[in-house]
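Novice:
Numbering (this note's numbering), first residue to last: 3 to 90.
Here is the structure:
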């Protein structure tokens with residue numbers, strides 16, 4: 003499977019789902035076929051070749067990550083943080 007880095011011009015690189023308090027960071031495009039839990043709240047989604055495609059951080063608001071990202075938003079203006087629910 004060929005995976006390519008996410009192009010931030012055409013695709014979001016981060017999304018925060020307020021309903022479930024999950025911050026997703028998209029690293030590469032591709033189909034996730036496996037996942038690895040780093041701890042109770044952090045999951046890495048992997049491709050067939052075990053390449054990381056996405057990082058999910060559960061309880062992101064509780065960890066203070068959303069506040070930090072909002073403060074960093076001035077540096078990330080070309081790549082806004084989406085706060086829409088994840089596609090289901």
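Every residue gets a Cβ at the ideal spot worked out from N, C-alpha and C, and that includes glycine. Note that the coordinates shown come from a computational prediction; the quantities given were computed from them, not determined experimentally.
(1) Quick check on the DSSP output: the alpha helix (DSSP H) that includes residue 68 runs from which residue to which?
(2) Assuming residue 23 contacts residue 61 (C-beta within less than 8 Å), just tell me the rounded distance between them.
(3) Tell me where the beta strand (DSSP E) around residue 36 begins and ends.
(4) Comparing alpha-carbon positions, which option in 31, 25, 68 lies nearest residue 49?
(5) Thinking residue 53 and residue 26 are a contact (beta carbons under 8 Å), I'd like their distance in whole angstroms, please.
Specialist: So, from the listed chains and residues:
(1) For the purposes of this step, residue 68 is identified with residue 66 of the chain shown, where counting begins at 1. Here the alpha helix (DSSP H) through residue 68 covers 67 to 74.
(2) Position 21 of the chain shown holds residue 23. Position 59 of the chain shown holds residue 61. Between residue 61 and residue 23 the Cβ distance is about 6 Å, and since that is below 8 Å, they are a contact.
(3) The residue given as residue 36 occupies position 34 in the chain shown. Per DSSP, residue 36 belongs to the beta strand (DSSP E) from 36 to 39.
(4) Locating residue 49 in the chain shown gives position 47, counting from the first residue. Among 31, 25, 68, the Cα nearest to that of residue 49 belongs to 31.
(5) Walking along the chain shown from the start, residue 53 turns up at place 51. Walking along the chain shown from the start, residue 26 turns up at place 24. Actually they are not in contact, since the Cβ atoms of residue 53 and residue 26 sit about 16 Å apart, beyond 8 Å.
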